[in-house]
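I have placed the structure first, in the form of structure tokens, so that the comments after it can refer back to it.
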Amino acid sequence: MSLATARPSACPACEAAPAAEALAARADPPDARLLVSVPGVHCAGCIATIEQGLAGIEGVNSARLNLTLKRLSVDAKAGIEAQDIIARLERLGYEAHEMDAGTISMTETERQGRDLLMRVGVSGFAMMNIMLLSVAVWAGADGPTRDLFHLISALIAIPTVAFAGQPFFRNAWRALRAGRMDMDGPISFAIVLTLFISLYESLLSGQHAYFEAVVMLIFFLLVGRYLDFRARAAARSAAQELAALEVPRAIRLDDGHETTVNVAELSVGDVVLVRPGGRVPVDGAVIAGQSEIDRSLLTGETLPVFATTGHSVSAGEVNLTGPLQIRVTAAGKDSSLHRMADLVANAESARMRYTTIAEKAAAAYAPTIPILSLAAFVVWYWISGGDLRLAMNIAVASLIITCPCALGLAVPAVVTAASGKLFRKGLLIKDGTALERLAEVDTVIFDKTGTLTMGTPVPTNLDRHPPDARAVALALAEASSHPLAQALARALRDHEVAPAELEAVTEQAGHGIEAIWQGTTVRLGRAAWVGAETRGVTAAYLAIGEQTHAFTFTDQLRPGAKEVVQALLAQGKSVRLISGDVDAAVRDLAENLGISDWQAGALPQDKAQAIADLQGQGHKVLMVGDGLNDTVALSAAHVSISPASALDAARAASDMVLLGRDLLPVADAMRLSKTALRRIRENLWQSGIYNVIFVPIALFGFATPLWAAFVMSVSSISVTLNALRLK
Amino acid sequence: MDVLVILIPASLFLGLLGLAAFVWTLRKGMYDDPDGDGQRILDPRYDDKPKPVTRQDDAPSP
Numbered sequence: 016m017s018l019a020t021a022r023p024s025a026c027p028a029c030e031a032a033p034a035a036e037a038l039a040a041r042a043d044p045p046d047a048r049l050l051v052s053v054p055g056v057h058c059a060g061c062i063a064t065i066e067q068g069l070a071g072i073e074g075v076n077s078a079r080l081n082l083t084l085k086r087l088s089v090d091a092k093a094g095i096e097a098q099d100i101i102a103r104l105e106r107l108g109y110e111a112h113e114m115d116a117g118t119i120s121m122t123e124t125e126r127q128g129r130d131l132l133m134r135v136g137v138s139g140f141a142m143m144n145i146m147l148l149s150v151a152v153w154a155g156a157d158g159p160t161r162d163l164f165h166l167i168s169a170l171i172a173i174p175t176v177a178f179a180g181q182p183f184f185r186n187a188w189r190a191l192r193a194g195r196m197d198m199d200g201p202i203s204f205a206i207v208l209t210l211f212i213s214l215y216e217s218l219l220s221g222q223h224a225y226f227e228a229v230v231m232l233i234f235f236l237l238v239g240r241y242l243d244f245r246a247r248a249a250a251r252s253a254a255q256e257l258a259a260l261e262v263p264r265a266i267r268l269d270d271g272h273e274t275t276v277n278v279a280e281l282s283v284g285d286v287v288l289v290r291p292g293g294r295v296p297v298d299g300a301v302i303a304g305q306s307e308i309d310r311s312l313l314t315g316e317t318l319p320v321f322a323t324t325g326h327s328v329s330a331g332e333v334n335l336t337g338p339l340q341i342r343v344t345a346a347g348k349d350s351s352l353h354r355m356a357d358l359v360a361n362a363e364s365a366r367m368r369y370t371t372i373a374e375k376a377a378a379a380y381a382p383t384i385p386i387l388s389l390a391a392f393v394v395w396y397w398i399s400g401g402d403l404r405l406a407m408n409i410a411v412a413s414l415i416i417t418c419p420c421a422l423g424l425a426v427p428a429v430v431t432a433a434s435g436k437l438f439r440k441g442l443l444i445k446d447g448t449a450l451e452r453l454a455e456v457d458t459v460i461f462d463k464t465g466t467l468t469m470g471t472p473v474p475t476n477l478d479r480h481p482p483d484a485r486a487v488a489l490a491l492a493e494a495s496s497h498p499l500a501q502a503l504a505r506a507l508r509d510h511e512v513a514p515a516e517l518e519a520v521t522e523q524a525g526h527g528i529e530a531i532w533q534g535t536t537v538r539l540g541r542a543a544w545v546g547a548e549t550r551g552v553t554a555a556y557l558a559i560g561e562q563t564h565a566f567t568f569t570d571q572l573r574p575g576a577k578e579v580v581q582a583l584l585a586q587g588k589s590v591r592l593i594s595g596d597v598d599a600a601v602r603d604l605a606e607n608l609g610i611s612d613w614q615a616g617a618l619p620q621d622k623a624q625a626i627a628d629l630q631g632q633g634h635k636v637l638m639v640g641d642g643l644n645d646t647v648a649l650s651a652a653h654v655s656i657s658p659a660s661a662l663d664a665a666r667a668a669s670d671m672v673l674l675g676r677d678l679l680p681v682a683d684a685m686r687l688s689k690t691a692l693r694r695i696r697e698n699l700w701q702s703g704i705y706n707v708i709f710v711p712i713a714l715f716g717f718a719t720p721l722w723a724a725f726v727m728s729v730s731s732i733s734v735t736l737n738a739l740r741l742k
Numbered sequence: 409m410d411v412l413v414i415l416i417p418a419s420l421f422l423g424l425l426g427l428a429a430f431v432w433t434l435r436k437g438m439y440d441d442p443d444g445d446g447q448r449i450l451d452p453r454y455d456d457k458p459k460p461v462t463r464q465d466d467a468p469s470p
């Protein structure tokens with residue numbers, strides 16, 4: 016992903032029309048809020064360095080670093096872009112990435128989170144106050160004192176339930192109307208019924224009232240709900256991100272005369288013009304012009320390929336250097352980009368059908384609550400010979416004791432503990448169920464470019480060239496937008512080389528840059544064009560008169576790549592490398608990393624097919640990839656991870672995002688997910704065992720409000736403590 | 409038991425006071441960045457008053 020990484024904008028129209036982009040920036044509201052993820056911050060020094068360092072930038076009003084979320088929010092005037100902030104942070108020594116657009120527009124989810132927290136707080140305070148009164152009742156208060164305490168409890172409990180219980184009531188009502196049965200139905204039923212019976216009992220100066228149990232139930236369930244909510248990030252569709260890459264308009268050539276039309280109006284056989292820097296809107300064949308095409312979108316090839324008459328191009332590729340005329344062979348719905356988006360949409364909807372262990376437990380457990388208490392009611396009504404009040408009391412006691420207090424906490428507590436651990440290691444979990452899925456994985460598939468490697472070419476032999484050659488190379492390279500030229504220019508600048516003064520700089524589309532330097536013609540570009548011998552490795556060639564120089568490049572290995580492959584093999588996973596790049600490059604890397612199973616030249620569909628085949632054989636696949644060409648595979652895999660430098664669509668398709676450069680957290684996540692799943696199972700068993708012990712007590716009529724409060728708090732706390740044991 | 413006439417309203421009042429304090433801290437965004445707040449103690453710039461919280465800037469940790 017060479018070029019596309021450098022320009023992560025998913026706004027093809029902007030690339031086609033830079034003027035429009037500038038216009039849009041000017042039309043922005045005066046102050047903008049930028050969110051940047053800074054995974055490396057950890058101390059007070061970092062806070063001070065970053066906040067003071069950014070305050071120096073013209074146009075930045077204020078900056079605040081959130082150390083918990085490792086996220087920087089900047090209040091800036093229009094014209095300041097996230098890229099400027101990131102550049103400054105990198106100079107300060109911090110790695111930084113722009114946050115997903117979806118995360119930025121999370122104000123709605125944020126409001127929901129605070130709303131839930133408010134309900135947790137209210138029910139918590141009410142619970143404590145009621146408990147204060149209940150302790151007196153349990154300690155032996157009776158007669159009018161007990162009745163008074165019960166009534167005061169009711170006075171606190173009723174408004175609390177009306178406010179804090181709303182999330183359950185709403186869900187239950189929605190499920191009821193849709194004719195479904197979920198956990199919230201029985202919970203709401205238990206809450207409302209217990210509250211009414213307790214009120215009735217208190218008014219008749221009865222012995223038992225369950226106000227504290229009701230509020231406690233709501234409190235613990237809300238805590239679980241809140242943790243669960245935090246584990247869930249705003250879901251975005253990768254298919255939509257892909258669709259956003261489609262170019263809405265194209266320039267059609269009718270007898271040599273240009274008309275701008277909607278892509279939908281193009282038909283097979285039309286000729287379209289694609290200017291340098293523009294995205295190809297259709298699938299087609301080049302009929303005139305020559306240029307270089309960045310195909311990383313569809314194939315994952317690192318370097319641009321030469322394109323001239325007769326070559327075929329696909330929608331979504333970027334034309335780099337010269338204008339191209341293309342005869343349309345497939346447009347709109349038939350184009351390769353659109354087919355890819357369709358595949359992703361299919362894969363996404365298939366993944367939605369995954370049933371989590373918590374859902375399975377809830378589905379098995381939900382019906383037993385009302386059935387048990389109804390049975391208790393009927394049996395006791397019959398035994399007592401028609402004592403409605405006694406039967407009702409026992410039914411309510413069993414209802415409140417069977418309510419799945421610990422069940423609601425069992426899974427979210429573990430997921431929260433695990434994702435907190437992984438976040439500190441540098442892995443963000445976007446989907447709460449991803450940990451569960453990750454624990455089942457037995458096969459790991461890596462993409463090459465941008466995943467196992469950094470995806471940016473780095474010059475290897477700068478020091479071997481004379482200073483003149485370096486100065487000329489820098490001056491030429493700065494005139495080009497070719498990824499190799501840009502990488503060369505960046506490296507030479509870092510070596511503090513000053514550019515030579517050139518005259519008559521021209522870019523030869525598809526070949527390179529040419530200029531006059533001190534009376535001699537100098538060229539930087541392809542080997543054949545500058546008259547140099549081709550080397551076996553990736554290189555840019557410089558000619559000064561007759562003399563030629565070759566600047567060779569290599570793609571840097573991502574830190575932790577070797578370790579992660581070894582760790583995964585040691586864990587007994589099978590590791591595969593599937594790349595769209597050429598044979599030799601993939602083989603080298605695979606041998607270097609010790610991956611025996613590799614495949615080169617794979618198209619996006621091939622990657623997805625390989626995953627489908629493996630999953631068809633019963634394997635569970637983890638896909639680690641970053642490119643658009645991986646998007647289908649990322650959404651088809653059982654679970655997927657992408658680095659923060661990945662494109663929007665790829666990040667949207669994955670369940671977890673690596674925040675730093677290092678790949679090693681992937682192995683940690685695999686190990687931790689296993690432990691987490693074991694803790695979840697233990698927790699479910701634990702909460703089940705409490706019920707097995709205490710439900711008979713309730714059914715035989717021995718349960719008191721003290722028992723209910725005791726069982727609830729002990730089971731909830733033990734489940735939480737078990738989750739915190741996670742290492 | 410006459411003392412209950414004072415003690416019960418007193419306990420209810422204190423409970424409400426605690427609840428009000430909680431609502432206030434939540435609204436002021438004091439739970440948004442516990443780690444950062446802990447570290448900011450070490451920074452002499454905030455000795456006189458805390459760094460002003462910009463409007464709801466942080467989403468819940470995903």
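The listed protein sequences correspond, in order, to chains A and B.
In this text, residue positions in the first sequence follow the working numbering: the first is 16, and each later residue adds one.
In this text, residue positions in the second sequence follow the working numbering: the first is 409, and each later residue adds one.
Built from N, CA and C at the ideal position, the CB exists for glycine as well.
Closer than 9 Å by beta-carbon distance: list the chain A residues that pair up with residue i, in chain order.
i: B/Val431; result: Met133, Gly136, Val137
Starting from the Cα of residue i, find the closest Cα among the options and give me that residue.
i: A/Met231; options: A/Leu358, A/Leu450, A/Leu147; result: A/Leu147
i: A/Trp544; options: A/Glu522, A/Gly441, A/Ile460; result: A/Glu522
i: B/Asp451; options: A/Val51, A/Gln67, A/Ser52, A/Leu50; result: A/Gln67
i: A/Ile145; options: A/Ile171, A/Leu131, A/Arg161, A/Gln127; result: A/Ile171
i: A/Gly441; options: A/Asp99, A/His112, A/Thr64; result: A/His112
i: A/Thr690; options: A/Ile559, A/Gly609, A/Ala668, A/Leu437; result: A/Leu437
i: A/Asp446; options: A/Phe244, A/Pro54, A/Ala91, A/Val51; result: A/Phe244
i: A/Leu687; options: A/Gln98, A/Tyr109, A/Gly423, A/Leu450; result: A/Leu450
i: A/Ile212; options: A/Pro474, A/Thr448, A/Arg404, A/Thr175; result: A/Arg404
i: A/Asp270; options: A/Ala322, A/Gln340, A/Phe234; result: A/Gln340
i: A/Val297; options: A/His272, A/Thr323, A/Arg342; result: A/Arg342
i: A/Ala718; options: A/Asn644, A/Ser495, A/Ala224, A/Ala490; result: A/Ala224
i: A/Ala486; options: A/Cys420, A/Pro514, A/Gln630; result: A/Pro514
i: A/Phe461; options: A/Leu507, A/Glu561, A/Gly595, A/Ala356; result: A/Gly595
i: A/Ala373; options: A/Leu214, A/Arg240, A/Ala365, A/Arg740; result: A/Arg240
Does the beta carbon of residue i sit closer than 8 Å to a beta carbon anywhere in chain A?
i: B/Ile416; result: yes
i: B/Asp410; result: no
Check whether chain B comes within 8 Å of residue i, counting only Cβ atoms and requiring the distance to be less than that.
i: A/Ile167; result: yes
i: A/Ala63; result: yes
i: A/Met143; result: yes
i: A/Leu673; result: no
i: A/Phe140; result: yes
i: A/Gly117; result: Caution applies to A/Gly117, whose pLDDT of 48 falls short of 50 and renders its modelled position unreliable; the value that the coordinates give is listed next. A/Gly117 does not count as touching chain B.
i: A/Pro174; result: no
i: A/Leu424; result: no
i: A/Arg740; result: no
Taking C-beta pairs closer than 8 Å, name the residues in chain A that residue i reaches, listed in chain order.
i: B/Asp443; result: Leu82, Thr83
i: B/Asp451; result: Ala59, Ile62, Ala63
Determine the chain B residues that contact residue i at a beta-carbon separation under 9 Å, and present them in chain order.
i: A/Arg310; result: Result: empty, since nearest Cβ-Cβ is about 33 Å, beyond 9 Å.
Residue i versus chain A: which residues are under 7 Å apart at the beta carbon?
i: B/Asp440; result: Asn81
What is the C-beta distance between residue i and residue j, in whole angstroms, given that I count them as a contact (C-beta under 8 Å)?
i: A/Val537; j: A/Ala547; result: Actually they do not touch by this definition, with Cβ atoms about 13 Å apart.
i: A/Val359; j: A/Val647; result: 5 Å
i: A/Phe566; j: A/Leu572; result: Not confirmed; about 20 Å, so no contact.
i: A/Leu236; j: A/Ile266; result: 59 Å between Cβ atoms; not a contact.
Cβ closer than 7 Å: which chain B residues qualify as neighbours of residue i?
i: A/Arg129; result: Leu434
i: A/Leu437; result: Chain B residues near A/Leu437: none, gap ~12 Å exceeds 7 Å.
i: A/Asp147; result: Note on identity: in this sequence residue 147 of chain A is Leu, with Asp being the wrong assignment. Near A/Leu147 (Cβ distances below 7 Å), the residues of chain B are Ser419.
Taking residue i as the query, report the chain B residues whose CB atoms sit under 8 Å from its CB, ordered along the chain.
i: A/Leu583; result: Neighbours of A/Leu583 on chain B: none; closest Cβ ~25 Å, over 8 Å.
### Query
Listed in chain order, which residues of the region 607 to 639 of chain A have Cβ atoms closer than 7 Å to some Cβ of chain B?
If the cut-off is 7 Å between Cβ atoms, the region 607 to 639 of chain A has nothing near chain B.
### Message
Please identify, using Cβ separations under 8 Å, the residues of the region 677 to 690 of chain A that lie next to chain B, in order along the chain.
### Response
Against chain B - using a Cβ distance shorter than 8 Å - the region 677 to 690 of chain A contributes no residues.
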